[in-house]
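Here's the structure we're looking at; comments come further down.
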Amino acid sequence: MLFFASCGNNNSTTVLTQQQMWEDFEYTMQKLHDCGAMFHTKEYLTGINPFNEAQRVFEANIDTVTTFEGFYDVMQRVLSCMCDQHTGFSTPDESFVHISDEIKKRNEDLWEWVMFNNMGGLAAKYIDGHYYCWYSPLMIRDRKNKNIIDTLPLGTKILGINEHDMHWFEQNFTNNKYRWCTKDKHYVLDDILIPFESKTWQIQRPGCTEIENLNMVDAGTVINGTLYKDYSTHKVEVFPGNVLYIRIPLMKVQDFEPVAQKFAQMQGFKPSKVIIDVRRNQGGSDLTWMRLLSLLIAEPFEMRNQLVLPRTKAVADMLALYPDRYNAMSDFKPFTHQFLPTDVEFMMCENVRCIEPDSASLRYDGPIYLMVSDRIYSSTLAFLAAFNRMPNGISVGEPTGWYGGCGLDPFYFCMPNSQLTFRMEAFADFTDVQQPEDLLHDRVKVEIVPSIAERAHANAFTGERYSYEYMSQHDTVFKYVMAQ
Numbered sequence: 067m068l069f070f071a072s073c074g075n076n077n078s079t080t081v082l083t084q085q086q087m088w089e090d091f092e093y094t095m096q097k098l099h100d101c102g103a104m105f106h107t108k109e110y111l112t113g114i115n116p117f118n119e120a121q122r123v124f125e126a127n128i129d130t131v132t133t134f135e136g137f138y139d140v141m142q143r144v145l146s147c148m149c150d151q152h153t154g155f156s157t158p159d160e161s162f163v164h165i166s167d168e169i170k171k172r173n174e175d176l177w178e179w180v181m182f183n184n185m186g187g188l189a190a191k192y193i194d195g196h197y198y199c200w201y202s203p204l205m206i207r208d209r210k211n212k213n214i215i216d217t218l219p220l221g222t223k224i225l226g227i228n229e230h231d232m233h234w235f236e237q238n239f240t241n242n243k244y245r246w247c248t249k250d251k252h253y254v255l256d257d258i259l260i261p262f263e264s265k266t267w268q269i270q271r272p273g274c275t276e277i278e279n280l281n282m283v284d285a286g287t288v289i290n291g292t293l294y295k296d297y298s299t300h301k302v303e304v305f306p307g308n309v310l311y312i313r314i315p316l317m318k319v320q321d322f323e324p325v326a327q328k329f330a331q332m333q334g335f336k337p338s339k340v341i342i343d344v345r346r347n348q349g350g351s352d353l354t355w356m357r358l359l360s361l362l363i364a365e366p367f368e369m370r371n372q373l374v375l376p377r378t379k380a381v382a383d384m385l386a387l388y389p390d391r392y393n394a395m396s397d398f399k400p401f402t403h404q405f406l407p408t409d410v411e412f413m414m415c416e417n418v419r420c421i422e423p424d425s426a427s428l429r430y431d432g433p434i435y436l437m438v439s440d441r442i443y444s445s446t447l448a449f450l451a452a453f454n455r456m457p458n459g460i461s462v463g464e465p466t467g468w469y470g471g472c473g474l475d476p477f478y479f480c481m482p483n484s485q486l487t488f489r490m491e492a493f494a495d496f497t498d499v500q501q502p503e504d505l506l507h508d509r510v511k512v513e514i515v516p517s518i519a520e521r522a523h524a525n526a527f528t529g530e531r532y533s534y535e536y537m538s539q540h541d542t543v544f545k546y547v548m549a550q
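The sequence shown finishes on residue 550 if you use my numbering, and the numbering steps up by one all the way, no holes.
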């Protein structure tokens, strides 16, 4: 198929002409436009056209690029303009066969090199209108003699960099700019690393009204203090009052088996309340949360989702290549919507999932609380969207600002000249979409936004963060759920 022929080219050169860079850019933009339904919805939600943004970023930066690494950096910014967690440079696994193993290996090596040479910086987080230093106290060392020259306490407000305010920084820093703040109506930077080579940081320390200009010219590395690390432990525990608490940090099928075994040992147990904690869950497989629900529910639960794609040859080719992964083209019907442009043809298929109670299910029919944070991703967002449709499901926490809902595996492509591989989110979930914000599928039924002080305390805590003792004293979301 000519559509994928370029990915079989074994040319290993990393020297690119300006014409080749433009060709790779145009190839990438064509695939994003022809395959990504959700990208076509973003202007309705945000007022910003991601295709125009990507064009602007490329044209503003490419003329002075002379190296392969420089081209990689510009294209990373281009892909970031799509403002999507599933769209960016990535190497497909062995099950995607239209890209050669040689090219996969080359891209894996390149990714490792990029990560090794990635410049660090100050991790700042957007919370309720401002950016904060929210990790443990940061010790700033002198570049020459390594002495500590300052310490930034938790909750330090970052107001600007090099005499530019953070709004300017948002507009001009294109990497990782993809979290939409519905409340403030603009894109915010998620855990951005403010470069150490900045000359000055404008900061405001906690409890102070004075704004400081922190001189970073002679500053070297910034060293984190103690930081809570254990975000990977699964838990199934009974808390006081027969409250069943389930902690799922990752949606990995193989890691879930100990949880399932505990359920098998709890036959006959009748919880007064069920709490599922997926805060900071990085995603994985939908099979994980579907299995979890099957171990809880008393009656079958059916989910019907409307999945939308552009009706293009590029999409048809990908669907035909992987019939075991995607629906057939014949399953899709013509689709129009007020939040889709009329100059592109779209199609929709209905994805139906039914969860049956497992033989080891507790057959619980009382309230189930799902605790979420703004740091959940991928299949965990799919879980949130499905959970919100359960009659006894109550989600508590904060929205993420990322597109969620039901989806299938991303599409993978290979640029013809550089042979850089990238993935992109193709499907858009239009289930129950009545207004632009519904496209995110990230709403929670009870919104509770932890304060910067609470987040800072949690990050600096060195004990068991997800213990009953800690959460009952310091965790606003948990205390709310327990009080219901």
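The C-beta atom is built at its ideal place from N, Cα and C for all residues, glycine as well. Here the structure is a predicted model, which is why all the values come from computation and not from measurement.
Margin query: My output table needs one value for I227: the three-state DSSP class, helix, strand or coil.
Written below: strand
Next item on the list: Check whether the Cβ atoms of N525 and T446 sit closer than 8 Å, and answer yes or no.
Entry: For N525 and T446, no; Cβs fall outside 8 Å.
Next item on the list: Look at Y192 and V254 and say whether their C-beta atoms are less than 8 Å apart.
Entry: Result yes, Cβ atoms of Y192 and V254 sit closer than 8 Å.
Next item on the list: Let me know if A330 comes out buried or exposed under the rule of 16 or more other beta-carbons within 10 Å of its beta-carbon.
Entry: By the 16-neighbour rule on beta-carbons within 10 angstroms, A330 is exposed.
Check: Do I442 and W200 have their C-beta atoms closer together than 8 Å?
Finding: no
Checklist line | Through-space distance from T217 to G226, alpha-carbon basis | finding: 18 Å
Note to self: According to DSSP, simplified to helix, strand and coil, what is Q270?
What the structure shows: strand
Margin query: Could you tell me the alpha carbon to alpha carbon distance between N505 and Q237, rounded to whole angstroms?
Written below: The amino acid at residue 505 is misidentified as Asn; the sequence shows Leu. Their backbone Cα atoms lie some 23 Å apart in a straight line.
Next item on the list: Check whether the Cβ atoms of G350 and K328 sit closer than 8 Å, and answer yes or no.
Entry: no
Notebook entry, point to check: Roughly how many angstroms lie between the CA atoms of S189 and E276, to the nearest whole one?
Noted result: The identity of residue 189 in the sequence shown is Ala, whereas the question assumes Ser. For A189 and E276, the distance between alpha carbons rounds to 22 Å.
Next item on the list: Name the residue from F401, L362, A452, N417 whose alpha carbon lies nearest to the alpha carbon of E411.
Entry: F401
Note to self: Taking its Cβ as the centre, do 16 or more other Cβ atoms sit within 10 Å of P324, making it buried, or is it exposed?
What the structure shows: exposed
Item checked: Inside the region 106–194 only - beta strand (DSSP E) runs reaching at least 3 residues -> 187–193
Notebook entry, point to check: In chain order, what residues of the same chain have a beta carbon less than 7 Å from the beta carbon of F335, not counting five sequence neighbours either side?
Noted result: L428
Notebook entry, point to check: Helix, strand or coil for V340 per DSSP?
Noted result: strand
Next item on the list: Return the chain-ordered list of same chain residues with a C-beta closer than 7 Å to the C-beta of N279, the five sequence neighbours on each side being excluded.
Entry: Within the same chain, N279 has close Cβ partners T266, Q268.
Item checked: Range covered by the alpha helix (DSSP H) that runs through H233 -> 232–238
Note to self: Measuring only the C-alpha atoms, how far is H403 from R377?
What the structure shows: 14 Å
Notebook entry, point to check: Considering only the beta carbon of each residue, do C247 and G467 sit closer than 8 Å?
Noted result: yes
Margin query: Suppose you measure from the CA of G470 to the CA of N213; what does that come to, to the nearest Å?
Written below: 46 Å
Check: W355 to M384, Cα distance in whole Å?
Finding: 27 Å
Next item on the list: Could you say if the region 148–155 and the region 487–499 meet the contact criterion of at least three C-beta pairs nearer than 8 Å?
Entry: yes
Next item on the list: With a threshold of 16 other CB atoms inside 10 Å of the CB of A386, please say whether the residue is buried or exposed.
Entry: Classification of A386: exposed, given that the 10 Å Cβ count is below 16.
Next item on the list: Could you give the DSSP three-state label for C472: helix, strand or coil?
Entry: coil
Next item on the list: For the alpha helix (DSSP H) holding N211, just list the boundary residues, first then last.
Entry: From DSSP, N211 is part of no alpha helix (DSSP H); its letter is neither H nor E.
Next item on the list: Quick one: residues in its chain with C-beta nearer than 6 Å to the C-beta of Q320, no 5 flanking neighbours on either side, listed in chain order?
Entry: none
Item checked: C73 to H523 span [Cα, whole Å] -> Unreliable placement is indicated for C73, whose pLDDT of 48 sits below 50; the coordinate value is still reported in the next sentence. Each residue's Cα considered, the two are about 48 Å apart.
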